[in-house]
Amino acid sequence: MDSKNKEKSTLQHKILTGVGIILCVILIPILIINCTLIIKGWTSKDEVPTLLGYAPMIVLTDSMVGENDDNFSGGDLIFVQTVKAEDVKKGDVISFFDPAGNGSSITSHRVIEIINEDGKISFQTKGDNNNTEDRL
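The opening position of the sequence shown corresponds to residue 1155 in the working numbering, with each subsequent residue numbered one higher.
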């Protein structure tokens, strides 16, 4: 092998090594995060699995498509964070277990009214792209 081919081979090796390192730096944390969420979801079936207080969710419908800056559509990935009910304001988008569903479906809609009866807080919600409010 002459020196020109050896230099070219060494350069290719360095480039491929650099690409491999970059891919590892990106993909290994993603793998760890996914494995953590899968294990948490498997062990705690009654809770949405979170990592560092955030839960990733895939939007299934277009009920939140609209003209607001915080709208999303079916197929989007959103990250939600648990907050106290007292911290929710009118106009916020919240994710909640849908009482009209089978108890395991989660809906993400905008708060249009906050109801405080005897210290118990509940929210009237509506999808931005829906004609009617959600059932209480």
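We treat Cβ as the ideally placed atom computed from N, Cα and C, and that holds for glycine.
Computed from a predicted model, the values in this text were never measured in an experiment.
On the criterion of 16 or more Cβ atoms from any shown chain inside 10 Å, does residue i qualify as buried, or is it exposed?
{"i": "Phe1233", "result": "exposed"}
{"i": "Asp1288", "result": "buried"}
{"i": "His1263", "result": "buried"}
{"i": "Gly1281", "result": "buried"}
{"i": "Ala1254", "result": "exposed"}
{"i": "Phe1277", "result": "buried"}
{"i": "Thr1236", "result": "exposed"}
{"i": "Asn1279", "result": "Checking the displayed sequence, the identity of residue 1279 turns out to be Thr instead of Asn. It is buried - the Cβ of Thr1279 has at least 16 other Cβ atoms within 10 Å."}
Rounded to a whole number of angstroms, what is the C-alpha to C-alpha distance between residue i and residue j?
{"i": "Lys1243", "j": "Ile1268", "result": "8 Å"}
{"i": "Asp1200", "j": "Val1219", "result": "28 Å"}
{"i": "Lys1238", "j": "Leu1206", "result": "16 Å"}
{"i": "Ile1182", "j": "Cys1189", "result": "11 Å"}
{"i": "Thr1164", "j": "Tyr1208", "result": "44 Å"}
{"i": "Glu1221", "j": "Pro1210", "result": "23 Å"}
{"i": "Thr1197", "j": "Leu1191", "result": "10 Å"}
{"i": "Asp1241", "j": "Gln1166", "result": "55 Å"}
{"i": "Ile1186", "j": "Leu1177", "result": "14 Å"}
{"i": "Thr1204", "j": "Phe1251", "result": "15 Å"}
{"i": "Ile1169", "j": "Val1213", "result": "39 Å"}
{"i": "Ile1175", "j": "Ser1258", "result": "40 Å"}
{"i": "Asn1256", "j": "Ile1184", "result": "31 Å"}
{"i": "Leu1290", "j": "Lys1194", "result": "30 Å"}
For my contact list, residue i and residue j are in at a C-beta cut-off of 8 Å; report their separation, rounded to the angstrom.
{"i": "Asn1283", "j": "Ser1217", "result": "5 Å"}
{"i": "Asp1118", "j": "Val1247", "result": "For the chain, the structure presents residues 1155 to 1290; residue 1118 sits outside this window and is missing."}
{"i": "Ile1266", "j": "Ser1249", "result": "Contact flag wrong, Cβ pair sits at about 15 Å."}
Please tell me whether residue i has its Cβ less than 8 Å away from any Cβ of chain C.
{"i": "Asp1288", "result": "Judged by its chain identifiers, the structure shown contains no chain C, having just a single protein chain."}
### Message
Under 8 Å, with one C-beta from each stretch per pair, do the stretch 1268-1277 and the stretch 1224-1231 reach the 3-pair mark?
### Response
No: fewer than three Cβ pairs fall under 8 Å.
### Any beta strand (DSSP E) of 3 or more consecutive residues that is wholly inside the stretch 1184-1214
Here the runs fully enclosed are 1208-1212.
#### Entry: Contiguous beta strand (DSSP E) assignments of at least 3 residues, all confined to the stretch 1229-1287
Listed in chain order, the complete beta strand (DSSP E) runs (minimum 3 residues) inside the stretch 1229-1287 are 1231-1235, 1247-1251, 1260-1271 and 1274-1280.
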